[in-house]
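Step one of this worksheet: look at the structure below.
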Amino acid sequence: MSRKPRAGEHPSASADADPARLAHALDAACRDPDLPAGARDLLAAARDALRTAAAGAESAQSRYRALFDAVPDPVSILDETGIVLDLNKAGMAAYRRSREEIVGQPIEVLNPDLPEDHLQPVLETLRRGGTYVIEVTNMRGDGSRFPVEVHSAGFLHEGRRCIVAVARDLSARREAESRYGQLLEVIDKGVLVHDADNRPLQANAAAMRILGAEDDHSLEDYLAPEAWTLLDESGRRIADEDLPTTRTLRNGKATQSTVLGLYHKPERRLRWLSVTTVPLFMPGSRTPHQVISFFSDVTQLKRDSALFGRAQALARIGGWEWEAGRDALYLTDEAARILGQPRPPATMDALLQCLREGDRSRFEHALRHARQQQQPIDLELQGRRSDGRMLWIRIIGEPEHDESANVSVTGTLQDISERKQAEETLRVQARTDPLTGLLNRDAILGEIGARMDDPAQSPLAVLYLDLDRFKMVNDVLGHGAGDELLRHVADRICHAVGTEGLIARFGGDEFLVVCSLADDPERPECVAQRILDAFDDGFRHAGEEFDVTASIGIARAPEDGDRPQTLIQSADAAMYDSKRRVRNGWQAYSPALAQSRKDRLRMETHLRRAVDNGEFHLVYQPQVDMRKGGIVAAEALIRWRNHQLGEMRPDHFIGHAETTGDIVRIGRWVLSEACQQVAAWRDAGLGVVRVAVNVSYRQFLGDDLAGTVRGVLAEYRLPGAALELEFTERALIEDAPDTLRTFAELREMGVVLTIDDFGEGYSALNYLRRLPIHGMKLSQLFVEGVPRNHSDVAVCQAIAGIARSLGLGLVAEGVESEAQRRFLLELGVSVGQGFLFAPGLPPDEFAHRIAGNALESAAIP
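If you read the sequence shown in the numbering used here, its first letter stands for residue 10, the second for the next number, and so on.
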């Protein structure tokens, strides 16, 4: 039986035949005079050959040991039972043990956590000629553990199988992976990693937020290809092979700033992203094994730059251009479709032939004036399509001269046939709403009832539409403006619905649309989305522009109601659910709505008890002097943790609390808690820290706000300057006399008064100049786009100008980058808050920060 090798001895070395001793014996024998001379010569030759072989073996042993110890990773040689036969110097250094402590011991001395049959899969793999790779945790001599990746291979020595195992220390890689993961989570760009098959592997938090994924979404499920429609920059659908990631995997080259549109079908939302892709290669590989994509949301920028183009598409408007000198006419696809000719007109004469006689002359006359007198064109003309149907179009054009005095006319061509037909129908319609010209309540109920009672009629659906901000417009601008708004809304609904449904004003600011499901079961959803899109542009009255959105509920007959009133009630319930969840949206009725109402009732019940159960707590976000870095104040932010509902985000429950009126009681708790904390900081020797508290408009209406503030300040012996109240613009217009009186009392106490998110709502400047306020807060909605987005830059400059002209302080919210900080400082805004400086902090952590940082002046610069 072979012995086990000694420490440091190559497994091939054996003591059974020591070459040195044998050579010595042969040397003595060849000098024996009793042996024949020929025998002595043979023994001498054998001795010399043995010495040569021994020298070669010793040299091989030296080379083996030099190479074995030169390997930088720990290398172990084991027999099939797991006994360690040899260990290199890197192994001794890694395990912090001598070779004698390990050689001859079972492999468990290096990894005591291995299962009993751990060698079985290793040996099976090695017998197949493969290499076995596994990640395990090995143990040093002092008992500490470190992760390793072990590569095992097999070889034969003297007829028995041995294993060579190389252990690569993964500690540095794990640490790098951890830092890489932390870096991904803190950058504000979306980062998405795809494998060689273009499957998503990893996404950072910014990517999930930009893509609209909730925290509980699985990355692979959320990015399932069937849930998305992909568009190029011009809005055309693209295939997977044209994606930047696919191109990078194919050619191994990075792509730069490609604009993609991602339409999420379940959410019915389109996002525009600017995407850059970079290939990742394995060492020695010529093809990428992964692609990393960096992207940012450019939806707002895309919307701003393409607003006119989108409006044209929504209104079914085509473009045209006429080069007068060559009589060359160019039409967009939409313009050619509107004209409805088998071959689109290529000359102006061909276009004139599509019009009726009288309108042809009018258009020729307008073209002549455009060429000779630079007069614009704006005509409504009647013609006929190739299928014989009548056509009404509106043609608008502007003449242009180039340097060669060539004249061209460029403009738009809009199909107004449906509007003209609707006008004709409304003129003879007896049962109309006098304000909008639509069907009235009785007429639409009769139409629904007749269709539902007639078995020959196809199934139908009802869309119940309610305006989201109509009451505010009516109250602020008057009933005349409200009536004008309703007429504009009716026009937009008519244009969006076209000939696909009956439209009625059901009462007040509520409208009904009835459409057939015979040829298109998804028509209600498509019509609803077109109606919502029609509200993208703002409304104007007396020089003022304002936004009004709509909430829509959809119900189908007979499953959602077998009588008109039942069907309408179902659509009404769906509409209110849409309005509660997200305004400017639509919702189809479903049995789940009943459960949703139960859930809302459950949240309302818990919310009402949250104060008594001690479920709220506050965090404090520093307001910082962006030039010097000092903390000047803090904003108190509420958090709610319920033992049944879990952690509830403020945007989930604040709006609900305002709807139910619970916000008044919650607001009093926040005010008291914040002041108590300020008093605690003062008692701890940190001075008086000014804390900003958000105040709901309902606290102005339903609570003695001034009296509440006076009592809380007195309770904690605080000066008024220790408290800042932030309120939204809605408080300016709900009840002006009471608001002015409350503001005056608060100012007398020394309380700092600030308008929060200025510019997001209806900016009532006539109230702003009269209120005794100290400052305004620049909304994160505008700050997040600067300095790249020209629209946001313009808004920020305008608000800063208003603040300066009125002598008001200005604080910027949502400052998240150095570029934003520099822009705001150049704009004259010196105080800001946001993740660039700190998130909302627990009281102790906030106190720790201000303890090492002299608190700056509490006055807003």
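Just so it is clear, CB atoms sit at the ideal spot from N, CA and C, and this is done for glycine as well.
1. Which whole runs of the alpha helix (DSSP H) in the region 301-377 are 4 residues long or more, in chain order?
2. Any chance the region 846-857 sits against the region 793-813, with 3 or more Cβ pairs inside 8 Å?
3. With 16 other CB atoms within 10 Å as the buried threshold, where does Met399 fall?
4. For the candidate residues Asp206, Pro746, Asp608, whose alpha-carbon lies nearest to that of Leu780?
5. When you compare only the Cα positions, how much space is there between Thr134 and Pro124?
6. Please report how far the alpha carbon of Arg440 lies from the alpha carbon of Glu613, in whole angstroms.
7. Count the other CB atoms, across all protein chains shown, that sit within 10 Å of the CB of Ser161; report buried if there are 16 or more and exposed otherwise.
8. My output table needs one value for Ser180: the three-state DSSP class, helix, strand or coil.
9. Provide the residue(s) that pair with Val633 in DSSP beta bridges, ordered along the chain.
10. Could you check if Phe767 is buried or exposed, using at least 16 other CB atoms within 10 Å of its CB as the buried criterion?
11. Give me the Cα-Cα distance between Cys805 and Phe791, rounded to the nearest whole angstrom.
12. According to DSSP, is Arg699 part of a helix, a strand, or is it coil?
13. Between which two residues does the beta strand (DSSP E) carrying Pro781 extend?
14. Compare the C-alpha of His652 against each of Pro728, Leu616, His504, Ile640 and name the closest.
15. Hey, how far is the Cα of Ala582 from the Cα of Thr737?
16. Checking 8 Å against the spacing of the C-beta atoms, do Arg555 and Val673 come in under that value?
17. When you compare the CB positions of Val544 and Asn593, do they come within less than 8 Å of one another, or not?
18. By how many angstroms is the C-alpha of Ser85 removed from the C-alpha of Ala178?
19. My output table needs one value for Leu94: the three-state DSSP class, helix, strand or coil.
20. State the DSSP-derived secondary structure class of Ser227, mapped to helix, strand or coil.
21. To which residues of the same chain is Leu228 closer than 6 Å at the C-beta, ignoring the five residues directly before and after it?
22. Is the beta carbon of Phe548 less than 8 Å from the beta carbon of His488?
23. Would you kindly work out how many angstroms separate the C-alpha atoms of Gly510 and Asn449, rounded to a whole number?
24. In three-state DSSP terms, what is Met148?
25. For Ile577, which of helix, strand or coil comes out of DSSP?
26. Return the bridge partner residues of Ser525 from the DSSP annotation.
27. Quick check: the region 562-581 against the region 520-539, are there 3 or more CB pairs under 8 Å?
28. Considering only the beta carbon of each residue, do Gly843 and Gly818 sit closer than 8 Å?
29. Tell me which residues share the same chain as Phe317 and place their Cβ nearer than 8 Å to its Cβ, disregarding the 5 neighbours each side in the sequence.
30. By a C-beta neighbour count over all protein chains shown, 10 Å radius and 16 as the cutoff for buried, is Phe890 buried or exposed?
31. Beta-carbon within less than 7 Å of Gly729's beta-carbon, same chain only, minus the 5 sequence neighbours each way: which residues are those?
32. My understanding is that Leu240 touches Leu201, with C-beta atoms under 8 Å, so please give their C-beta distance in whole angstroms.
33. Which residue's Cα is closest to the Cα of Ser266: Trp281, Leu258, Arg277?
34. How would you label Glu733, buried or exposed, when you count the other beta carbons within 10 angstroms and need 16 or more for buried?
35. Does DSSP put Val721 in a helix, a strand or coil?
36. Return helix, strand or coil for Asp586, following the three-state DSSP convention.
Per the coordinate set shown:
1. 308-314, 316-323, 342-348, 357-361
2. no
3. Mapped onto the sequence shown, residue 399 falls at position 390. Flag for Met399 reads exposed.
4. Here residue 780 corresponds to residue number 771 of the sequence shown, with the count starting at 1. That would be Pro746, whose Cα lies nearest to the Cα of Leu780.
5. By 1-based counting over the sequence shown, the position of residue 134 is 125. By 1-based counting over the sequence shown, the position of residue 124 is 115. Between Thr134 and Pro124, the C-alpha separation is close to 17 Å.
6. Looking up residue 440 in the sequence shown gives position 431. Looking up residue 613 in the sequence shown gives position 604. The alpha-carbon atoms of Arg440 and Glu613 are separated by roughly 43 Å.
7. Here residue 161 refers to the residue found at position 152 of the sequence shown. So Ser161 ends up on the buried side.
8. Sequence index remark: in the sequence shown, residue 180 carries index 171 (1-based). Looking at Ser180 - three-state DSSP - the assignment turns out to be helix.
9. To locate residue 633, count along the sequence shown from 1; it is residue 624. DSSP output for Val633 lists Ile640, Gly841 as bridge partner(s).
10. Your numbering for residue 767 matches position 758 in the sequence shown. Under this definition Phe767 is a buried residue.
11. For the purposes of this step, residue 805 is identified with residue 796 of the sequence shown, where counting begins at 1. For the purposes of this step, residue 791 is identified with residue 782 of the sequence shown, where counting begins at 1. Spanning the two alpha carbons is a distance of roughly 7 Å.
12. Locating residue 699 in the sequence shown gives position 690, counting from the first residue. Residue state, collapsed to three classes: coil.
13. What you label residue 781 is simply residue 772 of the sequence shown in a count that begins at 1. Where Pro781 is concerned, there is no enclosing beta strand (DSSP E), given that its DSSP letter is neither H nor E.
14. The residue given as residue 652 occupies position 643 in the sequence shown. The residue with the shortest Cα to Cα distance from His652 is Leu616.
15. Residue 582 sits at position 573 when you count from the first residue of the sequence shown. Residue 737 sits at position 728 when you count from the first residue of the sequence shown. C-alpha separation (whole angstroms): 29 Å.
16. Residue numbering aside, residue 555 sits at position 546 when the sequence shown is read from its first letter. Residue numbering aside, residue 673 sits at position 664 when the sequence shown is read from its first letter. Checking the sequence, you will find Phe at residue 555 rather than Arg. Result no, Cβ atoms of Phe555 and Val673 do not sit closer than 8 Å.
17. Within the sequence shown, residue 544 is the residue found at index 535, counting from 1. Within the sequence shown, residue 593 is the residue found at index 584, counting from 1. This sequence places Phe at residue 544; Val is not what is there. For Phe544 and Asn593, yes; Cβs fall inside 8 Å.
18. Within the sequence shown, residue 178 is the residue found at index 169, counting from 1. Within the sequence shown, residue 85 is the residue found at index 76, counting from 1. It is worth fixing the name first, because residue 178 is Asp in this sequence and not Ala. Distance between the alpha carbons of Asp178 and Ser85 is about 14 Å.
19. Start at 1 with the first residue of the sequence shown, and residue 94 comes out as number 85. Reduced to three states, the DSSP call for Leu94 is strand.
20. Numbered from its first residue, the sequence shown carries residue 227 at position 218. Ser227: coil per DSSP, three-state reduction.
21. Within the sequence shown, numbered from 1, the residue matching residue 228 stands at position 219. Within the same chain, Leu228 has close Cβ partners Pro209, Ala212.
22. To locate residue 548, count along the sequence shown from 1; it is residue 539. To locate residue 488, count along the sequence shown from 1; it is residue 479. No; because the gap between Cβ atoms is not below 8 Å, this pair is not in contact.
23. Numbered from its first residue, the sequence shown carries residue 510 at position 501. Numbered from its first residue, the sequence shown carries residue 449 at position 440. Each residue's Cα considered, the two are about 15 Å apart.
24. Here the question's residue 148 lines up with position 139 in the sequence shown. It is a strand residue.
25. Here residue 577 is taken as the residue at index 568 of the sequence shown, counted from 1. Looking at Ile577 - three-state DSSP - the assignment turns out to be helix.
26. Along the sequence shown, read from residue 1 onward, the residue named residue 525 stands at position 516. Leu469.
27. yes
28. Locating residue 843 in the sequence shown gives position 834, counting from the first residue. Locating residue 818 in the sequence shown gives position 809, counting from the first residue. Not in contact: Gly843 and Gly818 (Cβ atoms no closer than 8 Å).
29. Numbered from its first residue, the sequence shown carries residue 317 at position 308. Residue confidence for Phe317 is low, a pLDDT of 49 falling below 50, so the modelled location carries little weight; the figure read from the coordinates is stated next. Around Phe317: no qualifying Cβ.
30. Here the chain comprises residues numbered 10 to 870, so residue 890 is not present and cannot be evaluated.
31. Taking the first residue of the sequence shown as 1, we reach residue 729 at position 720. Taken in chain order, the residues that qualify are Leu722, Met758, Gly759, Val760.
32. To locate residue 240, count along the sequence shown from 1; it is residue 231. To locate residue 201, count along the sequence shown from 1; it is residue 192. About 18 Å separates the two Cβ atoms, so there is no contact after all.
33. In the sequence shown, counting from the first residue as 1, residue 266 sits at position 257. Checking every option, the nearest Cα to that of Ser266 belongs to Trp281.
34. Indexing the sequence shown from 1 puts residue 733 at position 724. Per the 10 Å Cβ criterion, buried.
35. By one-based count along the sequence shown, residue 721 stands at place 712. In this structure, Val721 counts as helix in the three-state DSSP scheme.
36. Along the sequence shown, one-based indexing puts residue 586 at 577. It is helical.
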